[in-house]
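In this note's numbering, the protein residues as written are 70 to 380.
For every residue, glycine included, the Cβ atom is placed at its ideal position computed from N, Cα and C.
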C-alpha cells in the first residue's frame, strides 16, 4: 500500500507531433485546475499572450516549445505534475529524456492530420518502457477525419489497442461537445478560449427526453448509435491493461475551445497511475522509502545567477 501522499501524485508528460495542440492542452489543464485565470493560445510568431509553459525567450518568439517545462497544481485532492515537452524533432532528445521520468503520458493527435511522423516515434519510446498512454484527439471543431477512421489509423500505425472513453457530438461547424462514456454525462461548452464555461449534464440514459433541451433529436439518435457501436467494438476499459501500456483510452475534444478537457482531466486522475517502483542500478528504489530519493531527468543552468542549487 502506497503512502497517501505518494498515491495522490500524478506525474505525466503531454507529447505530440508539432502543432497538434499539446501546449494549448497543457494551459487548459492549468486553467481547469485553477492554477491560472486566463490561458494564452499559441499563435505562430504573434502570440498575444505568452503561454505559461513556454517561458524561454526563444519559445515566446517562435511560438513553439523547445525545452520541457514542469508545472503543477492541485485538482480533486490530487497533486498534478504536467511536463510539457517539445514536439519538434530538433529538440526530441529532451522529450525522450522526459519520458523516462513520468508515470504516464497523454498523446495528442490532430484530427485533421491524424498520426504523423513524430507521433509514431514518441509512441515507440513509450512502448519500450510500457508507459501508460491516453490519447486525446484534438481540434474536433475543425473539419477533419471521421472519428472511426482516426481510431483505425491510430490502432494500425501505433500498434496499440484503443478504448474510447468519450465521444464527439458532431464535428467541424456542427461540433456541440462530447459525451463521457466513462462518467455518463454530456459536456456542452461555449467556445470561450480563455475561461472555463462548461455545462455538465447528467446523461445516464440517452433515451431521457430532457436531453432534447440540449441537443437536437437527430444528434441524440446519432450519439446513441455511436455509443452502442463503440461499446460493441471496444468494450469497457480494463484499467490493468491501461497501466501495463497495452490499451490506450481515447478522448475527443478541442483544446483551444475548452471542449472535452474536463472529462479528460477527471478521468485521468481516476485511472492514471501514481509513482511506481523504479529499477535502480544496484537495487529497486521503493516509492514509500523514508530516505530522500529522486529521478533527475533534466537540469536547467544559468536561469537565475542569484539562485544556487546543489545536489
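Check                                                                                                                                 : Outcome
Local conformation of residue 180 per DSSP, three classes                                                                             : coil
Proximity of residue 84 and residue 234 at Cβ, strictly below 8 Å                                                                     : no
Endpoints, the alpha helix (DSSP H) within which residue 193 is located                                                               : 186 to 198
Among 280, 139, 305, 78, nearest to residue 149 - alpha-carbon criterion                                                              : 78
Pairwise C-alpha distance: residue 181 and residue 355                                                                                : 43 Å
Alpha-carbon to alpha-carbon, residue 231 and residue 220                                                                             : 7 Å
Residue 76 vs residue 362 beta-carbon contact at 8 Å                                                                                  : no
Within-8 Å CB hit, residue 95 to chain D                                                                                              : The chain labelled as chain D is not found in the depicted structure, where only one protein chain is given.
Sequence-distant residues of its chain with Cβ nearer than 7 Å to residue 183 (five each side left out)                               : 214, 219, 222
Sequence-distant residues of the same chain with beta carbon closer than 7 Å to residue 23, five excluded per side                    : Nothing about residue 23 can be reported from this structure: the residues present for the chain run from 70 to 380 only.
First through last residue of the alpha helix (DSSP H) which encompasses residue 337                                                  : 330 to 340
Proximity of residue 102 and residue 207 at Cβ, strictly below 8 Å                                                                    : no
Close beta carbons around residue 139, own chain, < 6 Å, minus the five adjacent residues each side                                   : 152
Inter-residue Cα distance where the pair is residue 324 and residue 351                                                               : 43 Å
Three-state class that DSSP yields for residue 307 in the structure shown                                                             : coil
Cα-Cα separation, residue 178 to residue 276                                                                                          : 32 Å
Close beta carbons around residue 147, own chain, < 8 Å, minus the five adjacent residues each side                                   : 77, 78, 79, 338
Length of the line joining the Cα atoms of residue 145 and residue 334                                                                : 10 Å
Contacts around residue 82, its chain only, beta-carbon distance under 7 Å, and the 5 residues preceding and following it disregarded : 152, 154, 167, 168, 171, 174
Close-in-space but distant-in-sequence residues of the same chain around residue 95 (CB under 6 Å, 5 per side omitted)                : 83, 122, 151, 153
Residues of its chain near residue 307, where Cβ-Cβ distance is below 8 Å and the 5 sequence neighbours each way are ignored          : 232, 316
Reduced DSSP category for residue 321 - H, G, I as helix; E, B as strand; rest coil                                                   : strand
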